[in-house]
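Student: Under the working numbering, residues 64 to 449 are what the sequence shown spells out, in order. Ideal Cβ positions, reconstructed from N, Cα and C, are used throughout, including at glycine.
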Amino acid sequence: MDFRLSEQQLALQLAARRFATEQLPQLAKQLEQTSEPVPQDWLRRYGEMGFLGINVAERYGGAGLGSIEALLVLEEFAKISSAVAFPVFESCVGPIRAIEHFAGERLKEKLIPRVCRGEIVVAVSMSEPEAGTALTDLRTRGIIDGDKIVLNGTKRWCSGGGHADGYVVYCRLSDAPGAKGIGAVFVEKGTPGLTFGAQERLMGFRGVPSSDIYLDAVEVPLDNMIVPAGGFPKLMEAFDLERCGNATMALGQAAASLEDVTAYVQERKQFGRPIVEFQAVQLRLAEMKMKVEAARLLIHRAVCNAEDGLPNILDSSLAKCFSNEICREVTGASLQLMGGYGYSTEYAMERRLRDAWGWGIAGGAVDIQKVNIAAAMVGRRFNQRA
């Protein structure tokens with residue numbers, strides 16, 4: 064067991080850090096002000112630099128590296144902002160990985176190389192008005208009619224809704240109850256019958272657009288099926304990797320907050336000396352450092368335990384839950400130490416605090432992760448409907 068990064072991993076991490084810190088801070092401010100996603104020209108730059116699809120197979124235009132390498136890059140981008148990191152998230156741990164693992168070859172070849180080049184963005188559409196945590200209650204229906212699938216329904220809380228070029232839509236593909244009837248279908252933006260609601264106005268996540276999606280007799284080719292009815296467990300396997308990505312996005316907020324506040328307390332003087340010389344500040348710094356390091360270790364363990372596959376639900380839920388919780392704690396403590404400067408929109412700290420709360424809701428709330436953890440501990444799922 065070796066916790067040290069390899070020379071290749073360190074080089075990749077350094078390249079991502081340099082690009083992120085030198086190129087992206089101004090873009091992050093722009094996205095925060097406009098709530099628009101990363102522009103197309105920047106996406107292409109990401110692709111040219113090799114930061115999209117890092118863990119995607121080379122035959123599909125990815126770098127062919129592991130998920131640890133992808134998360135190293137994601138953390139460096141997330142330190143700048145959730146918005147600038149989101150395309151990396153989507154291409155490395157999001158819906159593209161589900162397509163790579165489970166879709167037919169024609170769909171893979173059509174979509175994945177374009178995502179890796181930064182030409183298109185693909186989002187995932189899971190939740191519905193009556194199906195969030197209780198995802199197996201979803202009602203959006205896909206009916207197979209010859210060589211096409213006809214979709215009807217409403218999806219909610221789709222990150223990228225209205226802006227992404229295509230959507231991995233979770234839907235009911237048979238009359239089988241619960242998870243047995245659920246699969247996933249790819250729907251391209253611009254398909255007749257596909258429309259979007261107003262953009263959500265959220266506490267954080269500005270620059271990560273979100274909206275409802277409406278499917279009214281939307282027809283897609285049968286080849287667009289990613290997972291057939293009964294494939295819900297496969298989708299959740301892919302989602303376990305996305306949980307690790309969510310955890311890393313949260314970690315990025317916490318790690319950057321710790322870096323900034325560590326510099327701040329050495330410069331800020333009160334009562335004639337830097338405030339880092341006060342023991343209360345030292346204790347707070349140490350507590351935050353322990354939390355950040357522990358979160359990173361849990362995330363990396365989850366991915367390493369999966370080797371080249373997908374993480375299990377216990378490891379991914381532990382990583383996500385812990386990272387989500389310490390992110391809120393570390394960003395809050397950092398803001399408090401910075402006082403008025405931390406609370407000012409002129410600095411990144413208050414944005415990190417707002418985003419921190421979002422990551423503990425997105426992708427399965429903190430308490431649901433704890434239910435997953437308990438279920439794995441006792442070896443059985445709990446019936447929440449009983």
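How should ASP430 be labelled, buried or exposed, when 16 other C-beta atoms within 10 angstroms of its C-beta is the threshold for buried?
Tutor: Reading the sequence shown from its first residue, position 367 is the one you call residue 430. Exposed.
Student: For VAL136 and PHE114, I'd like the C-alpha separation in whole angstroms.
Tutor: In the sequence shown, residue 136 corresponds to position 73, counting from 1. In the sequence shown, residue 114 corresponds to position 51, counting from 1. Distance between the alpha carbons of VAL136 and PHE114 is about 7 Å.
Student: Quick check: what's the CA-CA separation for ALA428 versus CYS384?
Tutor: As a working note, residue 428 is residue 365 in the sequence shown. As a working note, residue 384 is residue 321 in the sequence shown. ALA428 and CYS384: Cα-Cα distance of roughly 8 Å.
Student: Let me check understanding here. Comparing Cα to Cα, which of ILE159, GLU163, GLN76 and LEU170 lies closest to LEU134?
Tutor: Translated into positions along the sequence shown, residue 134 becomes position 71. The candidate whose alpha carbon is nearest that of LEU134 is GLN76.
Student: On the CB-based measure, 16 or more other CB atoms within 10 Å of its CB, does VAL248 come out buried or exposed?
Tutor: Residue numbering aside, residue 248 sits at position 185 when the sequence shown is read from its first letter. So VAL248 ends up on the buried side.
Student: Can you tell me the Cβ-Cβ gap for LYS211 and VAL290, rounded? I've got them flagged as a contact below 8 Å.
Tutor: Residue mapping note: residue 211 aligns to position 148 of the sequence shown, counting from 1. Residue mapping note: residue 290 aligns to position 227 of the sequence shown, counting from 1. In fact, because the Cβ distance is near 17 Å, the residues do not count as touching under 8 Å.
Student: Going by the DSSP bridge assignment, what does LYS218 pair with across the sheet?
Tutor: Your numbering for residue 218 matches position 155 in the sequence shown. ILE276, per the DSSP bridge assignment.
Student: How close, in whole Å, do the beta carbons of SER273 and LEU285 come, if the pair is a contact with beta carbons under 8 Å?
Tutor: Position 210 of the sequence shown, counting from 1, holds the residue named residue 273. Position 222 of the sequence shown, counting from 1, holds the residue named residue 285. With 8 Å as the limit, SER273 and LEU285 do not qualify as a contact, their Cβ atoms being about 29 Å apart.
Student: Using a Cβ distance threshold of 8 Å, determine whether the region 156 to 175 contacts the region 418 to 427, with at least three qualifying pairs required.
Tutor: no
Student: Taking the alpha carbon of ALA343 as the point to measure from, which residue in ALA239, VAL328 and ILE162 has its own alpha carbon closest?
Tutor: The residue given as residue 343 occupies position 280 in the sequence shown. Out of ALA239, VAL328 and ILE162, VAL328 has the C-alpha closest to the C-alpha of ALA343.
Student: Distance check for THR217 and ASP238, CA to CA, integer angstroms please.
Tutor: Along the sequence shown, read from residue 1 onward, the residue named residue 238 stands at position 175. Along the sequence shown, read from residue 1 onward, the residue named residue 217 stands at position 154. Computed Cα separation, rounded: 18 Å.
Student: Which same chain residues end up closer than 8 Å to GLY157 when comparing Cβ atoms and leaving out the 5 residues on each side of it in sequence?
Tutor: As a first step, residue 157 must be located in the sequence shown, where it is residue number 94. VAL185, ALA186, VAL187, GLU305 and GLY308, listed in sequence order.
Student: Smallest Cα separation from ARG180: which of TRP105, PRO296, ALA261 and ASP208?
Tutor: On the sequence shown, residue 180 is found 117 positions in, with the first residue counted as 1. Nearest of TRP105, PRO296, ALA261 and ASP208 to ARG180, Cα basis: TRP105.
Student: Quick one: what does DSSP say TYR410 is sitting in, helix, strand or coil?
Tutor: Here residue 410 refers to the residue found at position 347 of the sequence shown. Note: TYR410 maps to coil in three-state DSSP.
Student: Would you give the residue range spanned by the alpha helix (DSSP H) that ALA326 belongs to?
Tutor: As a first step, residue 326 is located in the sequence shown; it is residue number 263 there, counting from the start. 295 to 330 is the span of the alpha helix (DSSP H), which, as asked, contains ALA326.
Student: For the pair the region 313 to 320 and the region 141 to 153, tell me if three or more CB-CB distances fall below 8 Å.
Tutor: yes
Student: Please report the residue range of the beta strand (DSSP E) in which TYR233 lies.
Tutor: Counted from its first residue, the sequence shown places residue 233 at position 170. From DSSP, the beta strand (DSSP E) with TYR233 extends over 229 to 235.
Student: Is there contact here, the region 400 to 410 with the region 352 to 368, by at least three beta-carbon pairs under 8 Å?
Tutor: no
Student: Roughly how many whole angstroms lie between the Cα atoms of PHE341 and MET351?
Tutor: Counting from 1 along the sequence shown, the entry for residue 341 is found at position 278. Counting from 1 along the sequence shown, the entry for residue 351 is found at position 288. Going from the Cα of PHE341 to the Cα of MET351 covers about 16 Å.
Student: Going along the chain, which residues of its own chain have a beta-carbon closer than 8 Å to the beta-carbon of ALA292, five neighbours each way excluded?
Tutor: Walking along the sequence shown from the start, residue 292 turns up at place 229. Excluding positions up to five away in sequence, the list reads ARG235, LEU236, SER237, ALA239, LYS243, GLY244, ILE245 and GLY246.
Student: What residue range is occupied by the uninterrupted alpha helix (DSSP H) comprising ASP210?
Tutor: Reading the sequence shown from its first residue, position 147 is the one you call residue 210. First-last for ASP210: undefined, no H or E at that position.
Student: From the DSSP output, in three-state form, read off VAL366 for me.
Tutor: Here residue 366 corresponds to residue number 303 of the sequence shown, with the count starting at 1. In this structure, DSSP gives VAL366 a helical state, which the three-state scheme calls helix.
Student: What does a CB cutoff of less than 7 Å around PHE268 pick up in its chain, not counting 5 residues either side in sequence?
Tutor: Your numbering for residue 268 matches position 205 in the sequence shown. These residues qualify, in order along the chain: SER145, ASP418 and GLY421.
Student: Does the Cβ of GLN432 have 16 or more other Cβ atoms within 10 Å, making it buried, or fewer, making it exposed?
Tutor: As a first step, residue 432 must be located in the sequence shown, where it is residue number 369. The residue is buried, with at least 16 neighbouring Cβ atoms inside 10 Å.
Student: What residues in its chain sit with their C-beta under 6 Å from that of ILE206, if we drop five residues either side in the sequence?
Tutor: By 1-based counting over the sequence shown, the position of residue 206 is 143. Taken in chain order, the residues that qualify are VAL213.
Student: Quick one: what's ILE245 bridged to in DSSP?
Tutor: Residue 245 sits at position 182 when you count from the first residue of the sequence shown. DSSP output for ILE245 lists ARG235 as bridge partner(s).
Student: Just tell me which of ILE389, SER98, LEU201 and GLU138 has its CA closest to the CA of ALA79.
Tutor: Along the sequence shown, read from residue 1 onward, the residue named residue 79 stands at position 16. ALA79 has its Cα closest to that of GLU138, out of ILE389, SER98, LEU201 and GLU138.
Student: How would you write the range of the alpha helix (DSSP H) that VAL290 sits in, first residue to last?
Tutor: The residue given as residue 290 occupies position 227 in the sequence shown. From DSSP, VAL290 is part of no alpha helix (DSSP H) but of the beta strand (DSSP E) over 288 to 290.
Student: Tell me the DSSP secondary structure of VAL184 in three-state form.
Tutor: For this step, residue 184 is matched to residue 121 along the sequence shown. Coil, per DSSP.
Student: Please check the pair LEU278 and ASN375, which I expect to be a contact at CB under 8 Å, by giving their CB distance rounded to whole angstroms.
Tutor: Within the sequence shown, the letter at position 215 stands for residue 278. Within the sequence shown, the letter at position 312 stands for residue 375. Rounded, the Cβ-Cβ distance is 32 Å, inconsistent with contact.
Student: So GLY229 and GLU251 are supposed to be a Cβ contact under 8 Å. How far apart are they, rounded?
Tutor: Start at 1 with the first residue of the sequence shown, and residue 229 comes out as number 166. Start at 1 with the first residue of the sequence shown, and residue 251 comes out as number 188. Cβ atoms of GLY229 and GLU251 come within 8 Å of each other, at about 5 Å.
Student: Suppose the cutoff is 7 Å on Cβ atoms and the five residues either side in sequence are ignored; what does the same chain contact list for ALA280 look like?
Tutor: Working through the sequence shown from its first residue, we reach residue 280 at position 217. The answer, listed in chain order, is VAL213, ASN215 and GLY256.
Student: How should ASP208 be labelled, buried or exposed, when 16 other C-beta atoms within 10 angstroms of its C-beta is the threshold for buried?
Tutor: Counting from 1 along the sequence shown, the entry for residue 208 is found at position 145. So ASP208 counts as exposed.
Student: Taking Cβ to Cβ, would you say ARG204 is nearer than 8 Å to GLU191?
Tutor: Here residue 204 refers to the residue found at position 141 of the sequence shown. Here residue 191 refers to the residue found at position 128 of the sequence shown. In this structure, GLU191 does not lie closer than 8 Å to ARG204 by Cβ.
Student: Return the CA-CA distance between ARG448 and ALA194, expressed in angstroms with no decimal places.
Tutor: As a working note, residue 448 is residue 385 in the sequence shown. As a working note, residue 194 is residue 131 in the sequence shown. One C-alpha to the other measures close to 13 Å.
Student: Express the C-alpha separation of LYS297 and SER98 in angstroms, rounding to a whole number.
Tutor: For the purposes of this step, residue 98 is identified with residue 35 of the sequence shown, where counting begins at 1. For the purposes of this step, residue 297 is identified with residue 234 of the sequence shown, where counting begins at 1. Cα to Cα, SER98 sits roughly 33 Å from LYS297.
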